[in-house]
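Chains as they are written, first to last, in our numbering: chain A, 1 to 323; chain B, 1001 to 1109; chain C, 2001 to 2099. Backbone N, C-alpha and C define an ideal beta-carbon position, used for all residues, glycine too. The structure displayed is predicted, hence computed values, not measured ones. Following: one structure in C-alpha cells, then a few remarks.
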C-alpha cells in the first residue's frame, strides 16, 4: 500500500516539475526544477529495485548536469525569449505520438512477468550462473563488466568521444595568473573551512564506490562522476580555476585515453592469449580469479575515463565564463 | 530492554516527522526569504539527525547504522553551511529583508 | 511509526515543491531545492528501511553529498548571474541581445 502511494506521489512529482519547467521562463528556476526532477526519478528507480541506476541518476542528474547547465546559463543569459510560433502543431505531434505509445503498452507484458520475452532469453542464465561463472555478488556488475563487457567498452568509447568533441569544439581557457572573479578569502570563510574538511571525504567515498561495485551498488561510472564532483566543488568554492591547479587540463586527454586503453588492453590480452576478446578467464590461473581481476581492471578504466571526461567538460564550460 | 530502544526510536521518528512538517509549513507561511531560511535551516538540521537516529536505533549495531551515522555527521556539517551561504548570496545579490514599518510618530514631536 | 514518518516526509516534499513553484524570488526556489534534496535523503533512508530496498544507505549518503554540491553550485552561479539580471522580474522583450 505504501509502495503504491510512494510510486503515485513520485510520478505526480515528475509530472508537475516537468510541466512547470516547460511553463517557466526563468531558466535558473528551470535548472533547479530539473534537479528536483532528477531526484524524483532516482527515488522512483529505488522503488523499482534498480539501485545502480538510482545511484548513477543521482550522481549525474542532480549533481554534474545541474552544474553544467548553470555554467551554460552564465554564458547565454537567464531568461527565455517568448515563443514566436504557435505551439499547436508540435502539441498535435506530441499528443499523437503519446497516444500511439500508450496504445502500444497495452500489449506489453506485466511488470516482473516471468514469461515475458525479456526474461526468458539470457536473463535467467545470468541470474543462475553468474555466481559460478563470474563469482561477483552484484549481478548488475557481473552483467555489465563481464557478460556484456563489449557493450560497456562501447559505452566507454562513447564517453571518451564526447569528451574529445567538447575539447575540440570549446577548448579549455588557460588559467590567468590573476583571476578577477575570485572572491577575497575573508568573505567565504565558513564555506571554505567546511568544504576543505568535506572534500577528502567525498573523494574517499568515490574510491569506496569504485571498489565496492562488486558487492553493492556502485562501479566505475558512478565513482568517476563522484570524484569529478568533488573536484568541481573545490573549484566552485575556492575560486575559478582552482581545480585546474590540481588537475591541469593537459593531463585530461591522456588520462581519458589511458582509461580506454586499459579497458581495451584487458580485452586484447585475452585475444593475444588465444581466446576471445574480453575473455577474463585467461588473466589468472583460476577462471574465477581471472574474472575478478578483469572486472577490477575494466572498472578502473571506466572510472578513469568518466572522471577525466566529466572534469574536461566542466573545465570547458566554466572557463568560458571567466571575465 | 529492547522495548526501551523501540520506544526511543518511535519517539525520535515522531519528533523528526513533526519538525519536518513544521519546517515545511513555515516555508509556506513566512512572509520573507530570510524568515523562511530560519524556518527551514533550523528544523531541517534537527529533523534529519532525529529521523536517522530513530532508524539507527531500529537497526542496531551493524554497518548500515554506522553509514547512517556518517550521513548524520555530514548533514549536521553541511546544512548550516548551506543556509549561511544562501543567506549571504541573497544579501550580496541585493535582496533586502522585509522590515516592519517604523512606528508612527507621536503627536507632540 | 515508520509509515507515519514516510507520509510526513512526502507531505513535506509536496509543500516544499509548492514553495519551489510559487516562490517569487530565485532565492526562495534555491531554498526549496535544497530542502527537497534533504527530504529525498530522508525518504530514501526511511523508505529503504521500511520497504527493504538494497544498498539504500549508500544511495542516501550519495544524495546528501550531491545535494550539497548542487546547492553550492546554484549559489555560486546565482552570484554571477545576478550581476546582470534582476532577481524576480523578467526584462521586457528587446530585439537583439539577451542581457
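Exercise. What's the C-alpha gap between residue 59 of chain A and residue 220 of chain A?
Worked result: In this model, residue 59 of chain A and residue 220 of chain A are separated by some 12 Å (Cα to Cα).
Problem set entry | Where residue 7 of chain A sits in the DSSP three-state scheme | Residue 7 of chain A: helix per DSSP, three-state reduction.
Exercise. How close, in whole Å, do the beta carbons of residue 188 of chain A and residue 139 of chain A come, if the pair is a contact with beta carbons under 8 Å?
Worked result: Between residue 188 of chain A and residue 139 of chain A, the beta carbon gap of about 45 Å keeps them out of contact (Cβ cut-off 8 Å).
Problem set entry | Listed by chain order, chain C residues near residue 1044 of chain B by CB distance under 7 Å | Chain C residues near residue 1044 of chain B: 2035, 2038.
Exercise. What number of angstroms, rounded off, separates the C-alpha of residue 2086 of chain C from the C-alpha of residue 78 of chain A?
Worked result: Confidence at residue 2086 of chain C is low in this model, with a pLDDT of 44, below 50, so its placement is unreliable and the value that follows should be read with caution. Counting only the Cα atoms, residue 78 of chain A lies some 10 Å from residue 2086 of chain C.
Exercise. Who are the neighbours of residue 1081 of chain B on chain A, taking C-beta pairs under 7 Å?
Worked result: Residues of chain A with a Cβ closer than 7 Å to the Cβ of residue 1081 of chain B are, in chain order, 190, 191, 194.
Problem set entry | Residue span of the alpha helix (DSSP H) that contains residue 1022 of chain B, given as start and end | That run of the alpha helix (DSSP H) goes 1002–1029.
Problem set entry | Residue environment, residue 270 of chain A, which counts as buried when at least 16 other CB atoms sit within 10 Å | Result: buried.
For this session: Note down the Cα distance separating residue 1066 of chain B from residue 249 of chain A, rounded to an integer number of angstroms.
Result: Their backbone Cα atoms lie some 38 Å apart in a straight line.
Problem set entry | Residue environment, residue 186 of chain A, which counts as buried when at least 16 other CB atoms sit within 10 Å | Note that residue 186 of chain A scores 46 on pLDDT, short of 50, meaning its location in the model is unreliable; the coordinates nonetheless yield the value given after this. In this structure residue 186 of chain A is exposed. Its beta-carbon is surrounded by fewer than 16 other beta-carbon atoms within 10 angstroms.
Exercise. Under a CB-based cut-off of 9 Å, is residue 198 of chain A close to chain B?
Worked result: Interface annotation, residue 198 of chain A: in contact with chain B, CB-CB separation under 9 Å.
Exercise. Which ranges does the alpha helix (DSSP H) cover as unbroken runs of at least 4 residues, wholly within the segment 88–152 of chain A, from first to last along the chain?
Worked result: Counting only runs of 4 or more, we get 88–105, 117–120, 123–133, 139–142.
Exercise. What are the residues that DSSP puts in a beta bridge with residue 26 of chain A?
Worked result: Within the DSSP secondary-structure output, residue 26 of chain A pairs in a beta bridge with A:79.
Problem set entry | N- and C-terminal bounds of the alpha helix (DSSP H) containing residue 1062 of chain B | DSSP places residue 1062 of chain B outside any alpha helix (DSSP H), giving it a letter other than H or E.
Exercise. Taking 9 Å as the CB-CB limit, is residue 2001 of chain C close to chain A?
Worked result: Cβ-Cβ to chain A under 9 Å: no for residue 2001 of chain C.
Problem set entry | Sequence-distant residues of the same chain with beta carbon closer than 7 Å to residue 1102 of chain B, five excluded per side | Cβ neighbours of residue 1102 of chain B beyond the five flanking positions: none.
Exercise. Under 9 Å between C-beta atoms, does residue 1008 of chain B make it to chain C?
Worked result: The C-beta of residue 1008 of chain B comes no closer than 9 Å to any C-beta of chain C.
Exercise. If we count the other Cβ atoms within 10 Å of its Cβ and call it buried at 16 or more, is residue 2009 of chain C buried or exposed?
Worked result: A residue is called buried once 16 or more other Cβ atoms fall within 10 Å of its Cβ, and residue 2009 of chain C is buried on that count.
Exercise. Using 8 Å as the threshold, is the segment 2018–2034 of chain C in touch with the segment 2068–2075 of chain C, meaning 3 or more CB pairs across them?
Worked result: The segment 2018–2034 of chain C is in contact with the segment 2068–2075 of chain C.
Exercise. Does any CB atom of chain C fall closer than 9 Å to the CB of residue 1017 of chain B?
Worked result: Interface residue, yes.
For this session: If I'm right that residue 63 of chain A touches residue 42 of chain A with Cβ under 8 Å, what's the distance once you round it to whole angstroms?
Result: Residue 63 of chain A to residue 42 of chain A, Cβ: 11 Å. No contact.
Exercise. Between which two residues does the alpha helix (DSSP H) harbouring residue 51 of chain A extend?
Worked result: Per DSSP, residue 51 of chain A is one residue of the alpha helix (DSSP H) stretching across 51–57.
For this session: Out of B:1022, B:1087, B:1083, point me to the one whose CA is closest to residue 2011 of chain C's CA.
Result: Considering only alpha carbons, the answer is B:1022.
For this session: Take residue 2094 of chain C and list the residues in its own chain whose beta-carbon comes closer than 6 Å to its own, dropping the five residues that flank it on each side.
Result: Interpretation of residue 2094 of chain C is limited by its pLDDT of 42, a score under 50 that renders its predicted location unreliable; the figure taken from the coordinates is listed afterwards. Here the set comprises nothing.
Exercise. Are residue 56 of chain A and residue 37 of chain A touching if we call contact CB-CB under 9 Å?
Worked result: No; because the gap between Cβ atoms is not below 9 Å, this pair is not in contact.
Exercise. Closest to residue 230 of chain A by CA distance: which of C:2077, C:2078, C:2014, C:2066 is it?
Worked result: For the residues C:2077, C:2078, C:2014, C:2066, the minimum Cα distance to residue 230 of chain A belongs to C:2066.
Exercise. Span of the alpha helix (DSSP H) holding residue 299 of chain A?
Worked result: 287–320 is the extent of the alpha helix (DSSP H) around residue 299 of chain A.
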